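Count along the sequence shown starting at 1, add 157, and that's the number in my numbering.
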Amino acid sequence: MARTPDRDPAPEHPDHATARDPAGASTHAPTPAGDLTPGPHPAVHRVPEIASLGLDTLVTEVAERLQSAAAVTDRMQRLLEAVVSVGAGLDLHATLQRIVTGAAELVDARYAALGVISPTGHGLADFIHVGVDVETAARIGELPAGRGILGALIDRPEPLRLTDLAADPRSAGFPRHHPPMTSFLGEPIRVRGEVFGNIYLTEKTGGGAFTPEDEQVLHALAAAAGVAIENSRLYEEGRRRERWIAGANAVTTALLSTDEAQVALTVAAEQVRELAGAALGMILLPTGGGQLRVSHASGEAAEFVTGELVPQSGFAARLLEGESVYLDDMSGDPTVEIRLARTFGPSMAVPMVAAGRVLGALGVWRSKGATPFTEAEKQLAQTFASQAALALRLAEAQRDRQRLAVFQDRDRIARDLHDLVIQRLFATGMMLESAARRAVVPEVQTGIGKAVDELDATIQEVRTTIYALQHDGQGDEPDTLRTRVLREGSQAAAALGFKPSVAFTGPVESLVGEKAGRQLLAALREMLSNTARHARASRVRVDVDATVHLDDEGRPVSGDPDSLDRAGRPGVLLSVTDDGVGIPEGGRRSGLRNLARRAEALGGDAWHEPGPYGKGTSVRWTARL
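Given below as structure tokens:
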């Protein structure tokens, strides 16, 4: 260590100098004890050198050397403690926070930060800082984007030590409300040879500049930080892989444990969206002719993209050929010809391939401005798609065997139901109505009326069953509003604990347009969800009536067909009736308000009323056609 400026280390006389060899050892032989005889041997120079130093100077010199050694020992101890601290946990964000805190304490900096470089290599993806309080950070606003001095370290990842930030020509200045900063020390953090980010330190305690020793200590800490970050990333990668495997297993279980493939594909869309941290997850199935259709969707705008056709294009062709499609930003890319695609950001579409055949594809979209998908996420999505495809193929084979056993008699069953069962039910209903007219006891008339109503409901359910037998939901069947309503009822069975009955009145497919049908399905989904959460019902009935006419308030009007035409406009009425506990007075109405907003946008209305005979609840929703 150099001596202080006020003390000259040179000897007072030239003959007091002691020559040293290159190794630093003295070239004079040791002086024998007590030998003070003048002579040419070098021992005569040792005594005058020691004697020439005053006692106070000698004590000061020894003390300074001891203090220097103690300071080095203390700093090494602090460095070791910092290294141990940064590697104390496996959570990545917590590790980064410990690195920043340890760096500030180690080199006595007032402010410290760690900027994580974005995957593109330009700008910062994350910025962790200490020293600036929450209120000041809020006044400053957005976190740094990686320009100025911070950008200089990104462009040239080498240690950077400055006495005055503002004096450097690369400085971009500070935003408003930013605390003043003068001295600066920056150091890159490398993980597996690649720059992960940079440590930034400013304002050396005491107002001085950072020293070369500070730079060396920070360099050592950055090396340890790189190891700790790598461990945390491996841990996070392992956890992420476990979540993807669990998600794939959930899809496999759903596919193999239910006869409803649509339910399992809905689970797949939800799982891939959640696992990928995306805003929207989709299942795309081939329709023939080089096209794909969004059969299932989960997340933002799911109701708008469900059912969308992907035309024969480069995007669809690549997926159908078994090639994955990755885009960092769809908002400016015209290749994805799906509605609303321009309102999203990063996306990936991965084909589901089994036995060399493309069964469909998984699609996930992130919000505009979100981080693009990493290579690890792309690989996990491919593994997920492969397992989902295998499970889908096994489920198809299982359902084919089941269909073969059932559908061989499908036409006969449907014919018998129509020709025998419904006719007998009609006859029974007419007999009961005749008996009701002859009955004189009011209670008997009421009881017979209830029985007739039950028969009418049974006839509607039988008709729905006949339709379901004639339309088995295979991919070559048209995806009509009727089949989609039946599908919503099947999907609600898991939450309700049973399958609701569904009935249709009128030519639903030909009268209800695409826009009204899409909103009707969204309303039905919300109504069934509310019923499952709150009603505690044992029976639920869904009715879709396309023969009603609506007044100016969106309510159905009653009367003969001529008066209906004069009274209102054609509309569709959706009703969900349960035998549950009803809606309590003062209970939450948020679900009903959402339904009303959907209906009012289509000239309709939404309301609730007590169920039949005062039991349960009937929620009604209308839209003009």
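Cβ coordinates follow ideal geometry from the N, Cα and C atoms, glycine included.
Fair warning: this is a prediction, and the values are worked out from it, not measured in the lab.
(message) Let me confirm a value: PRO179 is counted as buried when at least 16 other C-beta atoms fall within 10 Å, else exposed. Which label applies?
(response) The residue given as residue 179 occupies position 22 in the sequence shown. Any reading at PRO179 is ruled out, since the residue's pLDDT is 36, under 50, leaving its predicted position unreliable.
(message) Here's the rule I'm using: 16 or more other beta-carbon atoms within 10 Å means buried, otherwise exposed. How should LYS672 be labelled?
(response) Residue numbering aside, residue 672 sits at position 515 when the sequence shown is read from its first letter. Looking at its Cβ environment, which holds fewer than 16 other Cβ atoms inside 10 Å, LYS672 is exposed.
(request) Measure the alpha-carbon distance for LEU319 versus PHE341 and round it to whole angstroms. (result) Against the sequence shown, residue 319 aligns to sequence position 162. Against the sequence shown, residue 341 aligns to sequence position 184. Cα to Cα, the separation comes out at about 5 Å.
(message) Along the chain, where does the alpha helix (DSSP H) containing ARG343 start, and where does it finish?
(response) For the purposes of this step, residue 343 is taken as residue 186 along the sequence shown, with counting starting at 1. Rather than Arg, the amino acid found at residue 343 in this sequence is Gly. Careful: GLY343 lies outside any alpha helix (DSSP H), inside the beta strand (DSSP E) at 341–348.
(message) Quick test of your reading: ALA136 and THR444, contact by CB under 8 Å. State the CB separation rounded to the nearest angstrom.
(response) Outside the displayed span of the chain (158 to 782) sits residue 136, for which this structure offers no information.
(request) For ARG690, count neighbouring C-beta atoms within 10 Å of its own C-beta (all shown protein chains included) and say buried if the count is 16 or more, exposed if not. (result) Here the question's residue 690 lines up with position 533 in the sequence shown. ARG690 comes out exposed.
(message) By alpha-carbon positions, which one of VAL408, GLU618, GLU387, VAL619 ends up nearest to VAL420?
(response) Here the question's residue 420 lines up with position 263 in the sequence shown. Among VAL408, GLU618, GLU387, VAL619, the Cα nearest to that of VAL420 is on VAL408.
(request) Determine the direct distance from the alpha carbon of ALA458 to that of GLY526, and round the result to whole angstroms. (result) Position 369 of the sequence shown holds residue 526. Position 301 of the sequence shown holds residue 458. Approximately 17 Å, taken between the alpha carbons.
(request) Throw me the rounded Cβ distance for the ASP486 and GLY502 pair, which I believe falls under 8 Å. (result) Position 329 of the sequence shown, counted from the first residue, corresponds to residue 486. Position 345 of the sequence shown, counted from the first residue, corresponds to residue 502. Right, the Cβ-Cβ distance comes to about 5 Å (below 8 Å), so this counts as a contact.
(request) Within its chain, find whatever has a CB closer than 8 Å to the CB of GLY446; leave out the 5 residues flanking it on each side and keep chain order. (result) The count along the sequence shown starts at 1 and reaches residue 446 at position 289. Only GLN469 meet the Cβ criterion.
(request) Hey, could you find the ends of the beta strand (DSSP E) ALA454 is sitting in? (result) For the purposes of this step, residue 454 is identified with residue 297 of the sequence shown, where counting begins at 1. Here the beta strand (DSSP E) through ALA454 covers 448–456.
(message) Looking at ALA269: is its Cβ nearer than 8 Å to the Cβ of VAL287?
(response) Reading the sequence shown from its first residue, position 112 is the one you call residue 269. Reading the sequence shown from its first residue, position 130 is the one you call residue 287. Cβ distance < 8 Å, so ALA269 and VAL287 count as in contact.
(request) Would you mind sorting VAL729 into buried or exposed? The rule is 16 or more other CB atoms within 10 Å of its CB. (result) For the purposes of this step, residue 729 is taken as the residue at position 572 of the sequence shown. Counting Cβ neighbours within 10 Å, VAL729 comes out buried, since at least 16 surround it.
(message) Do LEU638 and LEU659 have their beta-carbon atoms positioned less than 8 Å apart in this structure?
(response) Residue mapping note: residue 659 aligns to position 502 of the sequence shown, counting from 1. Residue mapping note: residue 638 aligns to position 481 of the sequence shown, counting from 1. Per the sequence presented here, residue 659 reads as Val, with Leu not at that position. Cβ atoms of VAL659 and LEU638: not closer than 8 Å.
(message) Let me check one thing: in DSSP terms, what residues is LEU466 bridge-paired to?
(response) Numbered from its first residue, the sequence shown carries residue 466 at position 309. According to DSSP, which records beta bridges pairwise, LEU466 is partnered with ARG450.
(message) Check whether the segment 260–267 and the segment 289–303 touch, using three or more Cβ-Cβ pairs below 8 Å as the test.
(response) The segment 260–267 vs the segment 289–303: no contact.
(message) Just to confirm the assignment, what range does the beta strand (DSSP E) spanning LEU358 have?
(response) Taking the first residue of the sequence shown as position 1, residue 358 is located at position 201. 351–361 is the extent of the beta strand (DSSP E) around LEU358.
(request) In angstroms with no decimal places, state the Cα-to-Cα distance between GLY654 and VAL697. (result) Here the question's residue 654 lines up with position 497 in the sequence shown. Here the question's residue 697 lines up with position 540 in the sequence shown. Their Cα atoms are separated by approximately 11 Å.
(request) Quickly, what does DSSP pair HIS286 with across the bridge? List them, please. (result) Position 129 of the sequence shown holds residue 286. Answer is ALA270, bridged to HIS286.
(message) Give me, in chain order, the residues of the same chain whose beta-carbon lies closer than 8 Å to that of ALA411; leave out the 5 immediate sequence neighbours on both sides.
(response) Translated into the one-based positions of the sequence shown, residue 411 becomes position 254. Correct list, in chain order: VAL420, ALA421, VAL424, ALA425.
(request) Go to VAL257, then tell me how far its alpha helix (DSSP H) extends in each direction, as first and last residue. (result) As a working mapping, residue 257 is identified with position 100 in the sequence shown. Segment 249–263, the alpha helix (DSSP H) holding VAL257.
(request) Determine the burial state of LEU707: buried for a count of at least 16 other Cβ atoms within 10 Å of its Cβ, exposed for fewer. (result) In the sequence shown, the residue the question calls residue 707 occupies position 550. By the 10 Å Cβ count, LEU707 comes out buried.
(request) Give the range of the alpha helix (DSSP H) segment to which ILE306 is assigned. (result) Sequence index remark: in the sequence shown, residue 306 carries index 149 (1-based). Counting along the chain, ILE306 sits inside the alpha helix (DSSP H) bounded by residues 305–312.
(message) Buried or exposed for PRO713, going by 16 or more other Cβ atoms inside 10 Å?
(response) By 1-based counting over the sequence shown, the position of residue 713 is 556. Buried is the call here.
(message) Less than 8 Å between the beta carbons of ARG781 and ARG693, yes or no?
(response) Within the sequence shown, numbered from 1, the residue matching residue 781 stands at position 624. Within the sequence shown, numbered from 1, the residue matching residue 693 stands at position 536. No.
(request) Please name the residue in GLY737, ALA652, GLU534 whose C-alpha comes closest to that of GLU394. (result) On the sequence shown, position 237 is the one that residue 394 refers to. It is GLU534.
(message) Can you tell me where the beta strand (DSSP E) holding ARG639 begins and where it ends?
(response) In the sequence shown, residue 639 corresponds to position 482, counting from 1. For ARG639, no beta strand (DSSP E) run applies; the uninterrupted alpha helix (DSSP H) run containing it begins and ends at 638–653, by DSSP.
(message) Excluding the 5 residues flanking GLY768 on each side, which residues of the same chain have their C-beta closer than 7 Å to its C-beta?
(response) For the purposes of this step, residue 768 is taken as residue 611 along the sequence shown, with counting starting at 1. Contacts found: THR734, ASP735, ASP736, THR774, SER775.
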